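Enquirer: Okay, here's the structure, questions in a sec.
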Amino acid sequence: MSEVQKILALTYSEYLKLNELLNLQKPLTEGEHDETLFIVIHQVYELWFKQVIHEVSHLEKKFKDGDVPQISATFKRILTIMKTMVSQIDVLETMSPLSFLSFRARLESSSGFQSLQFRKLEMMLGKRAKASLEHHPVGSAERGVLEAELRRPSLYDYFLRYIKAKGYAVPDSALKRDVTESVGDNPEVQAVLLEIYRTNPSIAQVCERLIDLDEGIQEWRYRHVKMVERTIGMRIGTGGSSGTDYLRRTLFQPLFPDLWAIRVQF
């Protein structure tokens with residue numbers, strides 16, 4: 314069979330690997346109707362995490378290229394995915410607390426804290442939570458991925474390099490910072506950002522998309538906390554985590570603090 318014939322013979326199911334995909338939902342209980350929903354929702358989240366990681370990697374490249382149209386288009390896609398991720402919580406909340414508790418014990422030590430992709434995404438966006446490494450054994454491939462990400466510049470670092478290339482006086486303290494640490498306040502950077510907002514509407518719009526992304530992540534965290542709270546209350550989380558107590562502490566922690574700090578100076 315020629316290559317053309319092979320392409321023409323390709324089916325929808327084969328292209329999407331549907332046989333494999335639709336056989337990945339394996340409930341651990343029998344007769345617990347909502348466990349399938351629980352599995353599907355979380356598998357879909359992992360697929361969205363994969364796509365957002367793909368898009369953020371693309372965004373980093375476009376910041377290096379100074380390609381404003383592609384920067385804007387990529388932000389639009391990421392933000393649209395974020396809204397979809399938030400809305401999926403509505404579906405998960407159709408599951409009652411009693412339904413979840415009917416199979417929760419079977420989850421044993423598994424926990425969302427172990428999501429490699431979400432931890433990688435957090436690091437890409439600048440949240441350098443080194444404690445997240447502890448969810449993966451020393452020497453494991455998963456831990457290696459996070460350790461490598463910890464040493465890479467974050468999206469905000471790529472943004473600062475982008476505005477530096479546009480001629481703005483981004484201080485060396487920001488450009489040469491320790492990238493293994495989360496981004497903190499920098500008054501010198503804030504002065505540059507204020508100049509951008511007052512003189513360069515095009516780059517100011519890029520700043521606003523970063524704010525949109527930061528707000529979208531915070532919205533997802535808030536909805537996630539409230540979903541967990543209404544489902545398990547103040548119980549200890551799966552895998553021995555502190556559950557809602559820990560999740561509450563992740564709220565209202567901006568990824569890009571400089572962009573929020575300048576709001577009072579407009």
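Each step along the sequence shown adds one to the number in this note's numbering, with nothing skipped, and position 14 is 327. For each residue, glycine too, the CB sits at the ideal point set by N, CA and C. In this text, all values refer to a predicted model and were calculated from it rather than measured experimentally.
Consult DSSP for D470 and reduce its assignment to one of helix, strand or coil.
Expert: Three-state result, D470: helix.
Enquirer: I think L372 touches L468, with their Cβ atoms under 8 Å apart; what is that distance to the nearest whole Å?
Expert: Right, the Cβ-Cβ distance comes to about 7 Å (below 8 Å), so this counts as a contact.
Enquirer: Grab me the residues of L473's own chain with a C-beta within less than 8 Å of its C-beta, minus the 5 sequence neighbours each way, in chain order.
Expert: Taken in chain order, the residues that qualify are V483, A487, L488, V502.
Enquirer: Would you check if the distance between the CB atom of S445 and the CB atom of R464 is smaller than 9 Å?
Expert: Taking 9 Å as the Cβ cut-off, S445 and R464 do not qualify as a contacting pair.
Enquirer: At the level of alpha carbons, what is the spacing between I366 and E435?
Expert: Roughly 10 Å between the two C-alpha positions.
Enquirer: Assuming the contact rule is C-beta atoms closer than 8 Å, L405 and I354 should be a hit. Round their C-beta distance to whole Å, please.
Expert: That belief holds up - the Cβ atoms of L405 and I354 are roughly 5 Å apart, short of 8 Å.
Enquirer: Closer than 7 Å by C-beta to W573: which residues in its own chain qualify, once you throw out the five before and the five after it? Chain order, please.
Expert: Contacts found: P567.
Enquirer: Give the single residue among K443, Y510, Q356, S415 whose Cα lies nearest to the Cα of L337.
Expert: With distances taken between Cα atoms, L337 lies closest to Q356.
Enquirer: Would you decide whether V496 is buried or exposed? Buried here means 16 or more other CB atoms lie within 10 Å of its CB.
Expert: V496 comes out buried.
Enquirer: Taking only the alpha-carbon atoms, compute the straight-line gap between Y481 and R511 and give it to the nearest angstrom.
Expert: Distance between the alpha carbons of Y481 and R511: 13 Å.
Enquirer: If the criterion is Cβ atoms closer than 9 Å, does the pair D571 and D498 meet it?
Expert: In contact: D571 and D498 (Cβ atoms closer than 9 Å).
Enquirer: What would DSSP say about G550, mapped onto helix, strand or coil?
Expert: Because the pLDDT at G550 is just 47, under 50, the model does not fix this residue reliably, and the value given afterwards should be weighed accordingly. Note: G550 maps to coil in three-state DSSP.
Enquirer: When burial is assigned at 16 or more other CB atoms within 10 Å of the CB, is E348 buried or exposed?
Expert: Label assigned to E348: buried.
Enquirer: Determine the burial state of K580: buried for a count of at least 16 other Cβ atoms within 10 Å of its Cβ, exposed for fewer.
Expert: As shown, the chain starts at 314 and ends at 579. That puts residue 580 outside it, with no answer to give.
Enquirer: Tell me the rounded alpha-carbon separation between V369 and I391.
Expert: The straight-line gap from Cα to Cα measures roughly 8 Å.
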